[in-house]
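S.K.:
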Amino acid sequence: MVRMVSLALKVTALTCAVSCAWPAWGSAVPQSAAAAGIAAAKAASPARTALLRIASGSDMQAVPAPLESFAGAVVRELSSQSEFQQWDGAAIDYYPLGPGTHSWLAIVSKDSKQLGYLIFTAREEGGYMLSEYGSGPAIPYSSDALHDRLAEDGLIPAHPGLPANVQIQAQYSAMLPVWKVTLPGKPAMYINALTLELLPANAVSASTASVSKTAVVTNQNGLRLEASSPAAKIDGNDPYDDLLWMTSPRLNIRRGDDLLKAVASGGSLIFTAPGRNASYGAPFAVSGIQTWSPAASAPAVSYAATGRAGTRYLPVSMLMAAGEFHARP
1 MVRMVSLALK
11 VTALTCAVSC
21 AWPAWGSAVP
31 QSAAAAGIAA
41 AKAASPARTA
51 LLRIASGSDM
61 QAVPAPLESF
71 AGAVVRELSS
81 QSEFQQWDGA
91 AIDYYPLGPG
101 THSWLAIVSK
111 DSKQLGYLIF
121 TAREEGGYML
131 SEYGSGPAIP
141 YSSDALHDRL
151 AEDGLIPAHP
161 GLPANVQIQA
171 QYSAMLPVWK
181 VTLPGKPAMY
191 INALTLELLP
201 ANAVSASTAS
211 VSKTAVVTNQ
221 NGLRLEASSP
231 AAKIDGNDPY
241 DDLLWMTSPR
251 LNIRRGDDLL
261 KAVASGGSLI
271 FTAPGRNASY
281 GAPFAVSGIQ
291 TWSPAASAPA
301 VSYAATGRAG
311 TRYLPVSMLM
321 AAGEFHARP
């Protein structure tokens with residue numbers, strides 16, 4: 001059975017009265033006070049009632065059949081790999097992403113436990129492409145995490161629920177999951193929906209890697225995943241732990257095979273997009289490669305294992321178009 005929920009997230013107040021006092025924009029309450037309020041709210045409501053009420057009516061859209069079929073094929077293929085073996089027989093929940101519902105978030109779960117996610121994006125030439133995917137508990141667009149982030153900054157009350165006049169929309173740009181948050185009478189703010197970092201106003205528009213000319217997995221027949229280079233589990237994969245990589249020359253990475261060889265020989269690389277790091281959540285480590293064969297006559301397509309745990313996979317072609325790679329010292 002297909003399960004679909006809208007993430008347009010027209011938020012309604014769950015516990016805050018109309019007279020609820022708001023801090024001025026940009027002001028912050030002490031971190032300890034905000035954290036204490038959140039902890040108290042959680043203690044009072046162990047189950048944590050849904051923080052964001054799901055919108056209905058015009059926001060609800062049927063999951064396109066080609067997308068559902070494509071997602072099922074990708075999940076089945078991934079479940080043949082050791083990292084994703086728990087995905088076998090798992091359920092898939094679909095969430096449309098803005099703007100314009102060009103992308104969809106698919107959450108993979110089994111026995112009420114979230115196992116991972118996939119993001120699909122509509123292609124200009126028709127059909128869908130696999131924009132990214134990942135395993136483990138670090139899944140983008142967590143409403144609980146967003147609530148805590150805003151409360152810790154003193155922008156909303158610490159107790160569960162949001163004031164009725166706060167508008168939140170889940171959006172997706174190239175390799176950039178985003179929360180668009182609009183507070184009363186204030187310009188919209190954008191928050192990275194994975195790292196929860198506040199983004200510059202131009203970060204979303206700057207995420208403009210051309211997806212129409214990059215090599216990605218699409219909804220074609222004959223989908224097959226090759227076990228090329230599992231992500232290396234390397235301690236200290238945070239680029240900020242050791243900045244000496246910034247002094248190393250840019251690597252000559254022109255194809256997925258080049259990146260595969262570099263990862264195999266060095267264990268881990270650093271991706272960075274000079275001047276546009278915020279638009280891609282960079283810098284971050286690259287520690288593995290997965291290679292797909294979309295069809296018998298189509299060239300192989302590679303996805304890079306990124307981040308501290310190496311569990312978020314991004315298209316290598318889009319990484320090459322957006323930035324550069326450096327060897328770790």
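Going by the working numbering, the sequence shown opens with residue 1, and the numbers climb by one from there.
We treat Cβ as the ideally placed atom computed from N, Cα and C, and that holds for glycine.
1. Name, in chain order, the residues that DSSP records as bridge partners for threonine 218.
2. Does DSSP classify serine 80 as helix, strand or coil?
3. Is the Cβ-Cβ distance between leucine 269 and serine 302 less than 8 Å?
4. Per DSSP, asparagine 192 is paired with what?
5. Just to confirm, are alanine 203 and alanine 282 a CB contact at a threshold of 8 Å?
6. Please go through the region 243-319 and give each complete alpha helix (DSSP H) segment of 4 or more residues, from N-terminal end onward.
7. Among all the DSSP beta bridges, which residues are the ones paired with isoleucine 92?
8. Count the other CB atoms, across all protein chains shown, that sit within 10 Å of the CB of proline 140; report buried if there are 16 or more and exposed otherwise.
9. Would you report the Cα separation of alanine 71 and alanine 106, rounded to the nearest angstrom?
10. When the cut-off is 8 Å and only beta carbons count, does arginine 308 lie next to chain B?
11. Please return the same chain residues whose Cβ sits closer than 7 Å to the Cβ of leucine 97, not counting the five positions on each side in sequence.
12. Is DSSP giving serine 69 helix, strand or coil here?
13. Counting Cβ pairs, one atom from each stretch, are 3 or more of them under 8 Å apart for the region 248-259 and the region 312-326?
14. Taking the C-alpha atoms as reference points, what is the distance between leucine 196 and arginine 308?
15. Tell me, please, which residues DSSP counts as bridged to alanine 122.
16. Would proline 249 pass as a contact of phenylalanine 284 if the rule is Cβ separation under 8 Å?
17. If I measure Cβ to Cβ from phenylalanine 120 and keep anything under 8 Å in the same chain, skipping five residues before and after, which residues do I get?
18. Thinking C-beta only, is valine 263 closer than 8 Å to serine 297?
19. Taking the CB atoms as reference points, tell me whether tyrosine 280 and glycine 134 lie closer together than 8 Å.
20. Across which residues does DSSP place histidine 326 in a beta bridge pair?
21. Return the CA-CA distance between glutamate 147 and proline 299, expressed in angstroms with no decimal places.
22. Which class does tyrosine 240 belong to by DSSP, given the choice of helix, strand or coil?
23. Tell me whether valine 11 is buried or exposed, calling it buried when 16 or more other Cβ atoms sit within 10 Å of its Cβ.
24. Tell me whether serine 142 sits in a helix, a strand or coil according to DSSP, three-state version.
25. Taking C-beta to C-beta, are isoleucine 191 and arginine 123 nearer than 8 Å?
26. For alanine 170, which of helix, strand or coil comes out of DSSP?
27. Let me check one thing: in DSSP terms, what residues is leucine 199 bridge-paired to?
28. Measuring only the C-alpha atoms, how far is alanine 164 from aspartate 144?
29. What would DSSP say about leucine 150, mapped onto helix, strand or coil?
30. Which residue's Cα is closest to the Cα of isoleucine 289: Arg276, Ala305, Arg224 and Pro274?
31. Whose CA, out of Val216, Leu223, Trp245 and Arg276, lies closest to the CA of leucine 199?
M.R.: Taking the geometry as given:
1. Met129
2. coil
3. no
4. Val178
5. no
6. 256-266 and 277-280
7. Val108
8. buried
9. 8 Å
10. No chain B appears in this structure, which consists of one protein chain only.
11. Leu7, Ser103, Trp104, Leu105, Ala170, Gln171 and Tyr172
12. helix
13. yes
14. 15 Å
15. Tyr128
16. no
17. Leu67, Phe70, Ala71, Ser103, Trp104, Ala106, Tyr128, Met129, Leu130 and Ser131
18. no
19. no
20. Arg250 and Ile270
21. Looking at the sequence provided, one finds histidine at residue 147 rather than glutamate. Their backbone Cα atoms lie some 43 Å apart in a straight line.
22. helix
23. Residue confidence for valine 11 is low, a pLDDT of 36 falling below 50, so the modelled location carries little weight; the figure read from the coordinates is stated next. Result: buried.
24. coil
25. no
26. strand
27. Tyr190
28. 17 Å
29. helix
30. Ala305
31. Arg276
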